[in-house]
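Reminder that position 145 of the sequence shown reads as 146 in this note's numbering, one-by-one numbering, no gaps. C-beta: ideal position from N, C-alpha, C; glycine also. Input: a single structure, listed below in structure tokens.
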Amino acid sequence: MTALERACLHLSAFLTAGTGLLYGWFRYFGQRPGDFGPEPHPAQALLQHGHVLASPLLLFTLGVLVRGHVQPMFQRGASVGRRSGLAAVAVLAPMILSGYLLQVAVDPAWRNGWAWVHGVASLAFLAGYGVHLVRTWEQARENRASGLE
Numbered sequence: 002m003t004a005l006e007r008a009c010l011h012l013s014a015f016l017t018a019g020t021g022l023l024y025g026w027f028r029y030f031g032q033r034p035g036d037f038g039p040e041p042h043p044a045q046a047l048l049q050h051g052h053v054l055a056s057p058l059l060l061f062t063l064g065v066l067v068r069g070h071v072q073p074m075f076q077r078g079a080s081v082g083r084r085s086g087l088a089a090v091a092v093l094a095p096m097i098l099s100g101y102l103l104q105v106a107v108d109p110a111w112r113n114g115w116a117w118v119h120g121v122a123s124l125a126f127l128a129g130y131g132v133h134l135v136r137t138w139e140q141a142r143e144n145r146a147s148g149l150e
């Protein structure tokens with residue numbers, strides 16, 4: 002994986018996760034009292050639009066990542082970060098599909114269901130991605146310390 006691919010992945014993941022987490026927080030915990038009852042937070046719509054615009058960038062970089070990182074690691078039989086990487090990859094399909102289905106669902110029950118699937122899958126992806134980053138950074142630090150790099 003090149004430095005540009007790595008930077009694009011981290012930036013797109015940060016933008017997508019940041020807008021998604023903030024949107025979720027404001028959506029479920031950020032309602033404000035209004036004249037006629039609870040009103041959405043003013044930033045909620047902006048964060049939702051930002052999330053919908055940032056997520057295709059993440060999907061594109063993840064597609065590039067499969068060819069430039071996942072396949073070579075499988076071919077080499079690399080063991081460092083394998084479980085965390087596979088955990089992140091395993092929840093990609095539910096995260097992506099539920100995100101799309103959430104946008105097109107009309108019935109409130111379906112929207113609520115897809116929102117739950119998307120939220121849980123996204124948090125699982127972030128956990129796997131975070132553990133994968135920490136584990137591979139630790140391995141890189143150990144390699145530098147022992148002079149392997």
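- Cβ contact annotation for residue 44 (same chain, cutoff 7 angstroms, sequence separation greater than five): 27, in chain order.
- Short of 7 angstroms from the beta carbon of residue 52, and not among the five residues preceding or following it, lie these beta carbons of its own chain, in chain order: 17, 20, 21, 24.
- The straight-line gap separating the alpha-carbon atoms of residue 143 and residue 134 is approximately 14 angstroms.
- Contact annotation: the segment 115-132 touches the segment 88-95, with at least three C-beta pairs closer than 8 angstroms.
- In the DSSP assignment, residue 57 falls within the alpha helix (DSSP H) that extends over 45-66.
- About 17 angstroms separates the beta carbon of residue 10 from that of residue 54, a gap too long to meet the 8 angstroms contact definition.
- The beta-carbon distance between residue 14 and residue 59, rounded to whole angstroms, is 6 angstroms. This is short enough to meet the 8 angstroms contact definition.
- Judged by DSSP in its simplified three-state form, residue 39 adopts strand.
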